[in-house]
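Participant:
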Amino acid sequence: MKLLKWQLLVVLFASGVFTANSQEITENKFGKGLVNVVAKDSSYSLKFAARFQSLFTSNWDFPGNENLQNGESNFLIRRARLKFGGFAYSPKLRYKMELGLSNRDISGASYYTHNAPRYILDAVIKWNFYENFDLWIGQTKLPGNRERIVSSGNMQTVDRSLVNSMFNVDREMGVQLHHGFDLGNNFLVKESVAFTQGEGRNVTRGNIGGHHFTGRAEIYPFGDFNAYSGADLDREQTPKLAIGAAYSYNADAVKTESVSGSYMETDNGFYETDITTFFLDAMFKYKGFNILTEYADRNADAPIAVNADGTPTGDVVEVGNGFNFQAGYLFKNNFEVVGRYTTIDLDENITGAGVHNQYTLGLSKYIVGHKLKVQTDVSLNDFTDNMNNDLMYRLQVDIHF
Numbered sequence: 380m381k382l383l384k385w386q387l388l389v390v391l392f393a394s395g396v397f398t399a400n401s402q403e404i405t406e407n408k409f410g411k412g413l414v415n416v417v418a419k420d421s422s423y424s425l426k427f428a429a430r431f432q433s434l435f436t437s438n439w440d441f442p443g444n445e446n447l448q449n450g451e452s453n454f455l456i457r458r459a460r461l462k463f464g465g466f467a468y469s470p471k472l473r474y475k476m477e478l479g480l481s482n483r484d485i486s487g488a489s490y491y492t493h494n495a496p497r498y499i500l501d502a503v504i505k506w507n508f509y510e511n512f513d514l515w516i517g518q519t520k521l522p523g524n525r526e527r528i529v530s531s532g533n534m535q536t537v538d539r540s541l542v543n544s545m546f547n548v549d550r551e552m553g554v555q556l557h558h559g560f561d562l563g564n565n566f567l568v569k570e571s572v573a574f575t576q577g578e579g580r581n582v583t584r585g586n587i588g589g590h591h592f593t594g595r596a597e598i599y600p601f602g603d604f605n606a607y608s609g610a611d612l613d614r615e616q617t618p619k620l621a622i623g624a625a626y627s628y629n630a631d632a633v634k635t636e637s638v639s640g641s642y643m644e645t646d647n648g649f650y651e652t653d654i655t656t657f658f659l660d661a662m663f664k665y666k667g668f669n670i671l672t673e674y675a676d677r678n679a680d681a682p683i684a685v686n687a688d689g690t691p692t693g694d695v696v697e698v699g700n701g702f703n704f705q706a707g708y709l710f711k712n713n714f715e716v717v718g719r720y721t722t723i724d725l726d727e728n729i730t731g732a733g734v735h736n737q738y739t740l741g742l743s744k745y746i747v748g749h750k751l752k753v754q755t756d757v758s759l760n761d762f763t764d765n766m767n768n769d770l771m772y773r774l775q776v777d778i779h780f
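The sequence shown runs 380 to 780 under our numbering.
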């Protein structure tokens with residue numbers, strides 16, 4: 380019943396917005412938001428936008444792969460989002476709220492989310508309280524790896540890499556402090572720290588373990604640019620580079636992938652261990668050419684979960700490392716070709732998983748930048764055990780009002 384009420388409210392709100400706009404000619408441009416208003420007394424502003432991604436996937440098995448006897452294919456709405464943003468009271472007090480509506484957006488309901496769908500992706504206030512210092516309060520992305528911070532609507536491939544899937548620290552509820560400064564000659568430094576709950580987004584009760592501490596620093600030696608958007612749509616006329624590093628320390632973590640994965644349950648509650656994750660990444664853009672590279676490494680004090688008597692529970696922390704390198708070139712007709720190499724090397728003695736290599740070749744057509752685009756790619760998944768190798772094809776249409 381609660382789910383139905385939420386869905387009805389969302390539908391009614393969206394219907395009201397579209398009905399209102401259907402009665403008049405708007406000056407809003409496509410991709411700039413469905414609603415853009417500023418109070419007459421400048422006491423607040425609101426921008427409302429919607430976007431979704433329609434995705435087709437198909438997998439073909441290799442000889443010896445028992446998991447994909449005849450291949451598989453699937454159509455789905457990969458993401459569907461409602462986005463709200465603006466300022467309240469003063470331009471120095473900004474806010475952002477983003478709701479997810481697709482099955483994959485809201486999945487993950489549990490006792491710890493009060494068995495409610497996880498609609499809320501972002502709900503954060505950002506206060507510029509002094510010069511270049513911003514205080515963030517609420518739920519939003521943590522200052523982890525670059526690929527995760529890049530919006531899913533601004534990627535240069537159909538989706539993020541396996542390195543991100545395995546190692547990212549995603550979103551959480553807590554506080555963050557962001558700052559940046561110029562060392563001179565357009566050499567910029569940006570840094571941020573976060574103190575959060577430690578068990579992922581939308582957890583509303585039962586904070587079982589400790590807390591999560593995250594920090595990120597990056598340098599822009601050749602000046603500022605859009606380092607959190609895939610593809611060089613701005614066609615930078617001078618070389619631009621951003622190099623970043625991030626560190627995550629999750630004290631007494633209870634999940635197999637720090638803030639995500641499954642809970643590590645024992646015969647006497649939950650297994651707790653300190654988990655650390657290190658990220659190193661870089662983004663380069665110049666005249667349509669773009670490079671993104673990332674390295675991630677996860678460790679745990681005691682990665683094998685055990686019961687009170689010392690017997691293994693069967694759960695383990697996914698310790699290991701991964702590397703991702705991708706490069707693309709944007710032609711003048713706004714077609715882009717991109718190639719990606721990804722490798723995941725988990726500790727086989729602990730996780731039982733061997734090395735997973737993925738080779739991807741992609742093609743994108745940017746019709747209205749990232750706001751309207753068609754993307755496709757084909758990937759070869761190569762496992763060291765040779766039992767799960769397969770070929771994956773994806774085609775996606777992304778529209779962002």
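The beta carbon of each residue, even a glycine, is placed where N, CA and C say it ideally should be.
Among Gly609, Asn438 and Lys462, whose alpha-carbon lies nearest the alpha-carbon of Val414?
Facilitator: Taking the first residue of the sequence shown as 1, we reach residue 414 at position 35. With distances taken between Cα atoms, Val414 lies closest to Lys462.
Participant: Going by other Cβ atoms of all chains shown within 10 Å of its Cβ, with 16 needed for buried, is Lys619 buried or exposed?
Facilitator: The residue given as residue 619 occupies position 240 in the sequence shown. It is buried - the Cβ of Lys619 has at least 16 other Cβ atoms within 10 Å.
Participant: Would you check if the distance between the CB atom of Asn533 and the CB atom of His749 is smaller than 8 Å?
Facilitator: The count along the sequence shown starts at 1 and reaches residue 533 at position 154. The count along the sequence shown starts at 1 and reaches residue 749 at position 370. Yes. Within cutoff.
Participant: Arg773 to Lys411, Cα distance in whole Å?
Facilitator: Reading the sequence shown from its first residue, position 394 is the one you call residue 773. Reading the sequence shown from its first residue, position 32 is the one you call residue 411. Distance between the alpha carbons of Arg773 and Lys411 is about 28 Å.
Participant: In angstroms with no decimal places, state the Cα-to-Cα distance between Arg539 and Asp420.
Facilitator: As a position in the sequence shown, residue 539 is number 160, starting the count at 1. As a position in the sequence shown, residue 420 is number 41, starting the count at 1. Using only the alpha carbons, I get a separation of about 42 Å.
Participant: Taking 6 Å as the limit between beta carbons, can you name the residues of its chain near Asn400, skipping five residues before and five after?
Facilitator: Taking the sequence shown and counting its residues from 1, one reaches residue 400 at position 21. For Asn400, the predicted structure reports a pLDDT of 48, less than 50, and the residue's modelled location is therefore unreliable. A value from the coordinates is still provided. Excluding positions up to five away in sequence, the list is empty.
Participant: Here's the rule I'm using: 16 or more other beta-carbon atoms within 10 Å means buried, otherwise exposed. How should Val638 be labelled?
Facilitator: In the sequence shown, the residue the question calls residue 638 occupies position 259. It is buried - the Cβ of Val638 has at least 16 other Cβ atoms within 10 Å.
Participant: Take Phe668 and list the residues in its own chain whose beta-carbon comes closer than 6 Å to its own, dropping the five residues that flank it on each side.
Facilitator: In the sequence shown, the residue the question calls residue 668 occupies position 289. The residues are Tyr708.
Participant: Do Gly689 and the ligand MG come close, with the Cβ less than 7 Å from some heavy atom?
Facilitator: Among the components of this structure there are no ligands whatsoever, and the ligand MG is therefore not found.
Participant: Check the Cβ-Cβ distances between Asp646 and every residue of chain B, and say whether any is below 8 Å.
Facilitator: The chain labelled as chain B is not found in the depicted structure, where only one protein chain is given.
Participant: Considering just the uninterrupted stretch of the alpha helix (DSSP H) at Ser544, what are its terminal residues?
Facilitator: On the sequence shown, residue 544 is found 165 positions in, with the first residue counted as 1. Its alpha helix (DSSP H) spans residues Leu541 to Phe546.
Participant: What is the DSSP secondary structure of Thr519, reduced to helix, strand or coil?
Facilitator: Taking the first residue of the sequence shown as position 1, residue 519 is located at position 140. In the structure shown, Thr519 sits in a strand (DSSP, three-state: E or B).
Participant: Please go through the same chain and pick out, in chain order, the residues whose beta-carbon is closer than 6 Å to the beta-carbon of Met771, but skip the five residues on each side of it.
Facilitator: On the sequence shown, residue 771 is found 392 positions in, with the first residue counted as 1. Excluding positions up to five away in sequence, the list reads Asn438 and Ser758.
Participant: Leaving out five residues before and five after Arg584 in sequence, what residues of the same chain have Cβ atoms less than 7 Å from its Cβ?
Facilitator: As a first step, residue 584 is located in the sequence shown; it is residue number 205 there, counting from the start. The residues are Tyr491 and His493.
Participant: May I ask which residues mark the beginning and end of the beta strand (DSSP E) holding Glu377?
Facilitator: A query on residue 377 cannot be resolved here, the shown segment of the chain reaching from 380 to 780 and no further.
Participant: May I have the straight-line CA-CA distance separating Arg457 from Asn564, to the nearest angstrom?
Facilitator: Along the sequence shown, read from residue 1 onward, the residue named residue 457 stands at position 78. Along the sequence shown, read from residue 1 onward, the residue named residue 564 stands at position 185. So the alpha carbons of these two residues sit roughly 43 Å apart.
Participant: Could you spell out where the alpha helix (DSSP H) holding Asn728 opens and where it closes?
Facilitator: Here residue 728 is taken as the residue at index 349 of the sequence shown, counted from 1. Per DSSP, Asn728 belongs to the alpha helix (DSSP H) from Glu727 to Thr730.
Participant: Determine whether the beta carbon atoms of Arg525 and Lys505 lie at a separation below 8 Å.
Facilitator: Stepping through the sequence shown from its first residue, residue 525 is reached at position 146. Stepping through the sequence shown from its first residue, residue 505 is reached at position 126. No, these two residues do not count as a Cβ contact at 8 Å.
Participant: What residue range is occupied by the uninterrupted beta strand (DSSP E) comprising Asp694?
Facilitator: Counting from 1 along the sequence shown, the entry for residue 694 is found at position 315. Counting along the chain, the beta strand (DSSP E) containing Asp694 begins and ends at Pro691 to Val695.
Participant: Run through DSSP, which three-state label would Glu403 get?
Facilitator: Within the sequence shown, residue 403 is the residue found at index 24, counting from 1. Glu403 falls in the coil class under three-state DSSP.
Participant: For the region 480-514, which segments carrying the alpha helix (DSSP H) assignment without a break, of at least 4 residues, lie completely within its bounds, in sequence order?
Facilitator: Qualifying alpha helix (DSSP H) stretches, in chain order: 482-485.
Participant: Which residues share a DSSP beta bridge with Lys774?
Facilitator: Counting from one through the sequence shown, the residue named residue 774 turns up at place 395. According to the sequence as given, residue 774 is Leu; it is not Lys. Phe435 and Thr755, per the DSSP bridge assignment.
Participant: Let me check understanding here. Comparing Cα to Cα, which of Val747, Glu651 and Asp761 lies closest to Phe441?
Facilitator: As a first step, residue 441 is located in the sequence shown; it is residue number 62 there, counting from the start. When only C-alpha atoms are compared, the closest one is Asp761.
Participant: Do the CB positions of Ala706 and Gly718 come within less than 8 Å of each other?
Facilitator: If you number the sequence shown from 1, residue 706 lands on position 327. If you number the sequence shown from 1, residue 718 lands on position 339. Against a cut-off of 8 Å, the Cβ pair of Gly718 and Ala706 comes out as a contact.
Participant: Using a Cβ distance threshold of 8 Å, determine whether the region 542-561 contacts the region 506-521, with at least three qualifying pairs required.
Facilitator: Touching, per the Cβ criterion.
Participant: Going by beta carbon distance, what residues of the same chain come within less than 6 Å of Asp680, once the five residues before and after it are set aside?
Facilitator: Position 301 of the sequence shown, counted from the first residue, corresponds to residue 680. Closer than 6 Å at the Cβ level, and outside the excluded window around Asp680, lie Thr652 and Asp653.
Participant: DSSP three-state label for Arg457, please.
Facilitator: Position 78 of the sequence shown holds residue 457. In this structure, Arg457 counts as strand in the three-state DSSP scheme.
Participant: Along the chain, where does the alpha helix (DSSP H) that runs through Arg527 open and close?
Facilitator: Taking the first residue of the sequence shown as position 1, residue 527 is located at position 148. Its alpha helix (DSSP H) spans residues Arg525 to Ile528.
Participant: Taking Met552 as the reference, which of Tyr423, Val572, Gly517 and Ile683 has the closest Cα?
Facilitator: As a working note, residue 552 is residue 173 in the sequence shown. Nearest C-alpha to Met552: Gly517.
Participant: Rounded to whole angstroms, what's the CA-CA distance from Ala428 to Thr739? Just pull it up for me.
Facilitator: Stepping through the sequence shown from its first residue, residue 428 is reached at position 49. Stepping through the sequence shown from its first residue, residue 739 is reached at position 360. Approximately 31 Å, taken between the alpha carbons.
Participant: Going by DSSP, what residues sit across from Asp660 in a beta bridge?
Facilitator: Numbered from its first residue, the sequence shown carries residue 660 at position 281. Its beta-bridge partners are Gly623 and Glu673.
Participant: Hey, Leu500 and Arg550 are a contact pair by Cβ (cut 8 Å); roughly how many whole angstroms apart?
Facilitator: In the sequence shown, the residue the question calls residue 500 occupies position 121. In the sequence shown, the residue the question calls residue 550 occupies position 171. Correct: roughly 7 Å between the Cβ atoms.
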